[in-house]
Amino acid sequence: MQTVNRDRRIETNRMQTRYLGPFWLMLSAVLLMCFTRAAVAQNAVLQDVNFASLPGKKVEVQMTFDTAPPEVKAYLIEMPPRLVMDLWGASSAMAQKMLAVKSGDVDSLHFAEANGRLRIVTNLNAMVGYNVQTQGNTLLLELGSDVAAPANTVSTPVAHPQTTAAGSEATSNRTAQAEVAGIDFRRLEGDRGRVVIDLGTTGADLDIVEEGNNVVVNLKGANLKPGLQQRLDVQDFATPVNYVDTLVKGDSATILITPSAAPYDYMAYQSGNQLILDFKSMTQADQQAQKDLFPYSGEKIDLNFQNVEIRTVLQIIAEVAEKNLVVSDNVQGDITLRLKNVPWDQALDIVLQTKGLDKREAGNVLLIGTVAEIAEREAVEMQSQQSEITVAPLITDFIQIDYRKASDIKDRLVEAMMISERGFVLADDETNTLMVRETVKKVGEIRNTIKQFDVEVAQVMVQARLVTASNTAAKELGIRWGAGFKNDRWSVGGSPNFPSTPVVHNPILSSDQAEAVEDSEALKENMTIPGNLMVDLGIEKATSGLAFGFLTNRFLLSAELLAMQSDGKLEIVSQPKVITTNGKPAVIKAGQEIPTRTIDSDGKATVEWKEVVLKLDVVPQIIPGDKVQLDLIITEDSVGEVYDELGNRLINKQELRTSIVVSDGETVVLGGVLRNQTSENVSKTPFLGDLPVVGNLFRSRIAGNEKRELLIFITPQMIRESLRR
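Per UniProt numbering, the very first residue in the sequence shown carries number 1; after that it's consecutive.
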């Protein structure tokens, strides 16, 4: 007996629904009442979840409840692959709503509860079989490619993603037609879009399918709330969803979700009376990962055969695939198989592996044979090709190289062993031409290879900016004073270490005063009073000063108060810029060389020249996404003010080494250095300078504050073809 099932059971299902519908509706109501009573009597609470990896890429999940768990309603969703389990009359006491498994074909488990129902969604990497068993208070879920569902488990693989409203919402008698109360769209983190459909207080049978690039939600027996039959344009939200159209077809409401043309993935689930569909964009890595996990993409078919000729099965698969079929005479025997909802290319591989066969495709033709036969045929073809190479005539071809050096291309061809023993290749760098002597076939292969290497290499302009900003402030306050006294016996004055101009006192007296002191010896000669400074705590570069003095016949007092205050701001911007090809290092530097004297162990002096430069050393690498990876060394040197023991000026160095990824045209701060230097110097006379108030005559102060900041910026810019023209 053989059966080919390709979704031709639609009419039978309609007849069963017409005649058995009332009976099933009544039976569902009775079961619902029994189930509701049982749920009220005892509510199972999920307390713990554990999983274990089994041989054969199988995974066992153990879910522990406080009592015996209720009956499990389970179904599979194909795109994306998921297993959904509903437990009516159960809840969860677990704090976490997601459990990462990452084992076998199982990715993670999600837990959600609403309206007396616990839903457990198992995210899969590929469609697998499953088995659900109850052992006391533990619910065991086994997942794997070779796991078969038991007879008492509901397992419904579908050709399109499908979500069915379960429990009392799907089976209860409705006193009124279900009504869609609202449709909303939200933008989530990560450029994800969410469509929320409010199903109202009355549940509705729903069906989610993919039609082309659209996702269609059919709500059977549901109506729309007035004003909802419209289009939502959500393109401005920058998510995978462009439009959400709502319309009524007969006695059903339909929501048509139109995503963008870019690849996307979506997940549909129901929470209470809300149907939620989350859409996210798929990157190239996501698509490749999905393709690697499940490389089959053919039309899905059902096959159910017992002891049928394998040639017949191959013919059926070829008809579905719309391909021509060539089968070797050695392909014989019968096969028994049962495949449901399987892509035709996967079904073909299963049949071939079972019978030790292999296939080769040439355009629209499938060639089927035994593994040994195909291997032998390919070996003969290879020998024939080798023979053709040894006897085929040689030709000479000249290939012009445009963007690379001819010698580099020659080295690559030789390294790839593309030149046969009979042929040769010569490179002329002056004309940038290759001379190739090979067979016609080999010359064609060499030309195709050169096209892959001889392409214009992108260029990158890298601009660095080093900003050095400094802010200085200084305050100085000093004092200088001296006193002198002299009579016939004593002479008192400042220290000779602080010289000053001695004061010569030669008073001018009136005639009466002169006669009165005519005989005084003190006035018969000039009198010099010492004028050296007693305290010299002045400052070198005073901006202001105040001096005063007092002089009598025998006494001199002079003082000078000096002050200085300065503020300075400085900003230095260094901006090296360089252009280089992708993947090639580039260096630019500007500065000077200074002599440095060194003495060796023999005492011989030599002079070396050291660079004091601003230098940018960079290697750019363009990566996908209009981004540039930069390996950078940025150096800024300056001549210091400090000397070593040999009299050489020390060099101040500022250097940064890093590797970063920057978008094209984006400016980023690589790093910075902030230095804040505060100084305060006090010069004073011991003991006297520490006295309060009076001590100010014996001390001076110098205070300074210097802030210096260095910031380094980098900006890469790809030089595109349009800019070079």
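Backbone N, C-alpha and C define an ideal beta-carbon position, used for all residues, glycine too.
Local Cβ density within 10 Å of residue i, reported as buried at 16 or more and exposed below that
i	result
aspartate 105	buried
valine 195	buried
tyrosine 403	exposed
phenylalanine 398	exposed
methionine 98	exposed
serine 92	buried
valine 587	exposed
leucine 509	For leucine 509, the predicted structure reports a pLDDT of 47, less than 50, and the residue's modelled location is therefore unreliable. A value from the coordinates is still provided. Leucine 509 comes out exposed.
proline 70	buried
arginine 480	buried
glutamine 575	exposed
aspartate 600	exposed
asparagine 273	buried
residue 732	There is no way to answer for residue 732, as the model of the chain reaches only from 1 to 725.
valine 326	exposed
glutamine 270	buried
Close-in-space but distant-in-sequence residues of the same chain around residue i (CB under 7 Å, 5 per side omitted)
i	result
phenylalanine 305	Gln2, Val313, Ile335, Thr336 and Leu337
asparagine 648	Thr596 and Arg597
valine 642	Leu650
lysine 57	Gly104, Asp105, Gly144 and Ser145
serine 108	Met98, Leu99, Ala100, Val101 and Asn123
alanine 52	Glu60
glutamate 373	Ser328 and Asn330
Local conformation of residue i per DSSP, three classes
i	result
alanine 483	strand
isoleucine 714	strand
isoleucine 419	coil
arginine 352	A quick correction: the sequence has leucine, not arginine, at residue 352. Reduced to three states, the DSSP call for leucine 352 is helix.
glutamate 319	helix
asparagine 43	coil
threonine 312	helix
valine 673	strand
isoleucine 719	strand
asparagine 304	strand
proline 157	Interpretation of proline 157 is limited by its pLDDT of 33, a score under 50 that renders its predicted location unreliable; no figure is taken from the coordinates.
leucine 691	coil
asparagine 696	helix
arginine 407	Looking at the sequence provided, one finds serine at residue 407 rather than arginine. DSSP places serine 407 in helix when its eight states are reduced to three.
aspartate 286	helix
valine 331	coil
alanine 181	coil
alanine 347	helix
leucine 199	coil
valine 414	helix
Contact set for residue i: own chain, Cβ-Cβ below 6 Å, skip 5 residues either direction
i	result
serine 679	Gly704
aspartate 245	Arg231 and Leu256
lysine 577	Gln463
threonine 606	Thr598
threonine 635	Lys615 and Glu655
valine 457	Thr581 and Asn582
Extent of the continuous alpha helix (DSSP H) run through residue i
i	result
phenylalanine 453	440-453
methionine 382	371-391
Where the beta strand (DSSP E) containing residue i begins and where it ends
i	result
glutamine 592	586-599
valine 578	577-581
tyrosine 130	129-135
threonine 336	334-343
isoleucine 399	394-400
serine 271	264-271
aspartate 245	241-249
lysine 359	357-362
isoleucine 257	252-259
glutamate 142	138-144
alanine 427	424-428
lysine 280	274-281
threonine 431	Unbroken run through threonine 431: none, as it is neither H nor E.
threonine 122	117-124
8 Å CB neighbourhood of residue i in its chain, flanking five on each side removed
i	result
asparagine 152	Because the pLDDT at asparagine 152 is just 33, under 50, the model does not fix this residue reliably, and the value given afterwards should be weighed accordingly. Here the set comprises nothing.
asparagine 214	Leu256, Ile257, Thr258 and Pro259
residue 727	Nothing about residue 727 can be reported from this structure: the residues present for the chain run from 1 to 725 only.
glycine 695	Lys684, Leu688 and Gly689
Which full runs of the beta strand (DSSP E) of 3+ residues lie inside the segment 52-109, going along the chain?
-> 58-65, 72-77, 82-88, 90-92 and 98-103
Unbroken beta strand (DSSP E) runs of length 3 or more, entirely within the segment 210-237: which are they?
-> 214-220, 222-224 and 231-233
In the segment 617-650, which residue ranges form an unbroken beta strand (DSSP E) of at least 3 residues, counting only runs that do not cross its ends?
-> 627-643
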